Each structure stands twice: as structure tokens, then as C-alpha cells.
Amino acid sequence: MGEIGDILTAIFLVVGGCFGLVGSFGLIKLRDPMSRLHAPTKATTLGVGGVLIASLIHSFAVDGYVSVHELLITLFLFLTAPVTALFLAKAHIHRHSEDEVLPSPGKDTCWAVLDHRTSRQIIDEAEYGQDD
Amino acid sequence: MILSYALYFAFGCFGLAVLMNLWKIITAEGVGDRVLALDTMVVNSIAILVLAGIQEGTEVFFEATMIIAMLGFVSTVAYARFMLRGNIIE
Chain H
296 MGEIGDILTA IFLVVGGCFG LVGSFGLIKL RDPMSRLHAP TKATTLGVGG VLIASLIHSF
356 AVDGYVSVHE LLITLFLFLT APVTALFLAK AHIHRHSEDE VLPSPGKDTC WAVLDHRTSR
416 QIIDEAEYGQ DD
Chain X
32 MILSYALYFA FGCFGLAVLM NLWKIITAEG VGDRVLALDT MVVNSIAILV LAGIQEGTEV
92 FFEATMIIAM LGFVSTVAYA RFMLRGNIIE
């Protein structure tokens, strides 16, 4: 059990390390800001996931019981990475894009990020009436 | 034996990754890239802490890892909100 656990842990550590390195290298290497968003959010998250799985297998092989901490951290990272990517992409569109270069927003009138009235103002007007 | 070599390899990989993130923070041309590099650095530091936990054989690092993960997420959202709106708490 100990030997197999060591080998499995080593495999997951090496795979995770490679993915983490690729993710951070892509952050430097890729040219477009929107494609730079790919590397850290996908490859780095996968690399950290590999390291956490290695830690899980290691603690199971050494102590004989499964610890839940790693699963918690993995779940948290896999939930938050897409949210941060979405926020950064929204901020990038808000700061750098014009209406003409973006694709059509479908059945809406315009992209919500580029709307001149912010959603806070819309809520305020709905609650307090048109005051300005 | 094989485990200690794999640990050193992973430490090297993630240390190099943190250095590349630092380089990106210094040389980035926009504030969005800088925030993205900071977020990646938080994730890499989480990996390094987990690796230290494997090497030491303790579980005390997991609380620190959890706190860093939550604070990293909140700070990235705060940065993105600051870029979008100009303030964080309206």
C-alpha cells in the first residue's frame, strides 16, 4: 500500500506541477488579453487540483483515513476560478471594447457591461422615481 | 524516495510559476493583466502551501490554505468591481 501510494502521489505531483507551470507560462506567452485569461483560469486550476489530489492520496496512504480538507479546497477553487474569469472578462470589455467590435447581444438592446446607465441607477430609479 | 524527488519537482514548478507571475505583474501593460497575474499568484501560493503540508506531514497548513483561497477570491472580485465601477462598496 505504501509503495503504490507513493507512486500515485508522485504521478499526481508531477502532472500538477507541469500544469501549473504551463498556466503561468501562458500568462506571459499569450498575446491577446482575452486569450491570456485562458491559461491561469484553466491550467493553473487543474495544476492545483492535481497537487490537492496528491495530498489526498498521500494522507490516505500514510494515515489510513481520507481527509476532507483537500476536497473542500478543490471544490472552492473549481467554483471560484470561473467567477473570477467572468469578472475580469467583464472588466476588460468595459474598459477596452466599443459597441461596434462586439458581437450582437441577441434579443437584448445592448451589452449590459457597456450600458451607460448602471444597474444601480436603474434600481434607484425604480425605487425612488426619476429624480435627476 | 520517488516521492521526495516528485515533491522537489513540484516545488520547482510552482516556484518558477510564482516568479513568472511576478514578472507579469511588473511588465503588464494594463491593469486587467496585473489583476489576473495577482489572482494566479494566489492560486500558485495555495499549491505551494499544500506541497509544504505534504512535505512536513502535517495538516496545519490547510486552514491557512483555505483562508488564502477565500481572501484571494474576494480580493480579485473587489479589484474587478473597482475596474468596472470605480468604487467597491456603493
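Protein sequences appear in the order of chains H and X.
Take 296 as the starting number for the first sequence in our numbering and just add one per residue.
Take 32 as the starting number for the second sequence in our numbering and just add one per residue.
A virtual CB, placed ideally from N, CA and C, is assigned to each residue, including glycine.
A quick note: this is a predicted structure, and the numbers were derived from the prediction, not measured.
Check whether the Cβ atoms of residue i and residue j lie closer than 9 Å to each other.
i	j	result
T71 of chain X	T369 of chain H	no
L80 of chain X	F42 of chain X	no
S319 of chain H	V49 of chain X	yes
F373 of chain H	G344 of chain H	yes
So residue i packs on residue j, CB below 8 Å; how close in whole Å?
i	j	result
A349 of chain H	G321 of chain H	Between G321 of chain H and A349 of chain H the Cβ distance is about 22 Å, and since that is not below 8 Å, they are no contact.
C44 of chain X	L316 of chain H	4 Å
L308 of chain H	A95 of chain X	The Cβ separation is near 20 Å, so there is no contact.
T336 of chain H	A386 of chain H	The Cβ separation is near 14 Å, so there is no contact.
Cα separation between residue i and residue j?
i	j	result
I57 of chain X	D64 of chain X	10 Å
V105 of chain X	L67 of chain X	13 Å
Y110 of chain X	G359 of chain H	42 Å
F92 of chain X	L102 of chain X	15 Å
F113 of chain X	H389 of chain H	12 Å
G88 of chain X	V73 of chain X	22 Å
P328 of chain H	V62 of chain X	11 Å
G297 of chain H	L115 of chain X	52 Å
T304 of chain H	L34 of chain X	7 Å
G84 of chain X	L351 of chain H	11 Å
For the alpha helix (DSSP H) containing residue i, list its first residue and its last residue.
i	result
E60 of chain X	Here E60 of chain X belongs to no alpha helix (DSSP H), and DSSP marks it neither H nor E.
P328 of chain H	P328 to R331
Y110 of chain X	F92 to R116
S319 of chain H	G297 to K324
L397 of chain H	Note, L397 of chain H: premise wrong, no alpha helix (DSSP H); not H, not E.
T340 of chain H	T340 to D358
At a Cβ threshold of 9 Å, is residue i touching chain A?
i	result
V361 of chain H	Note that chain A does not occur in the displayed structure, where the protein chains are H and X.
(message) So if I threshold CB-CB distances at 7 Å, which residues from the stretch 301-312 of chain H count as touching chain X?
(response) In summary, the residues of the stretch 301-312 of chain H whose CB is separated from some CB of chain X by less than 7 Å are D301, I302, T304, A305, L308, V309, G311 and G312, in the order they occur in the chain.
(message) Using a Cβ-Cβ cutoff of 8 Å, what residues of the stretch 335-350 of chain H are near chain X? List them in chain order.
(response) Residues are counted here when their Cβ sits less than 8 Å from a Cβ of chain X; for the stretch 335-350 of chain H these are P335, T339, T340, G342, V343, V346, L347, A349 and S350, given in chain order.
(message) Residues of the stretch 63-90 of chain X in Cβ contact with chain H at a cutoff of 8 Å, in chain order, please.
(response) Within the stretch 63-90 of chain X, the residues whose Cβ lies closer than 8 Å to some Cβ of chain H are G63, D64, V66, L67, A68, D70, T71, V74, N75, I77, A78, V81, L82, G84, I85, G88 and E90, listed in chain order.
(message) If the cut-off is 7 Å on Cβ atoms, which residues from the stretch 103-115 of chain X count as contacting chain H, listed in chain order?
(response) Flagged, chain order: F104, T107, V108, A111, M114 and L115.
(request) Name, going along the chain, the residues of the stretch 375-404 of chain H whose beta-carbon falls closer than 7 Å to a beta-carbon of chain X. (result) Residues of the stretch 375-404 of chain H whose Cβ lies closer than 7 Å to any Cβ of chain X, in chain order: T375, T379, F382, L383, K385, A386, H387, H389 and R390.
(message) Please list, in chain order, the residues of the stretch 44-64 of chain X that have any C-beta partner in chain H closer than 7 Å.
(response) Shown in chain order are the members of the stretch 44-64 of chain X whose Cβ falls below 7 Å from a Cβ of chain H: C44, F45, L47, A48, M51, N52, W54, K55, G61, G63 and D64.
(request) With 9 Å as the C-beta to C-beta threshold (strictly closer), list the residues of the stretch 318-334 of chain H near chain X in chain order. (result) Against chain X - using a Cβ distance shorter than 9 Å - the residues of the stretch 318-334 of chain H are G318, S319, F320, L322, I323, P328, R331, L332 and A334.
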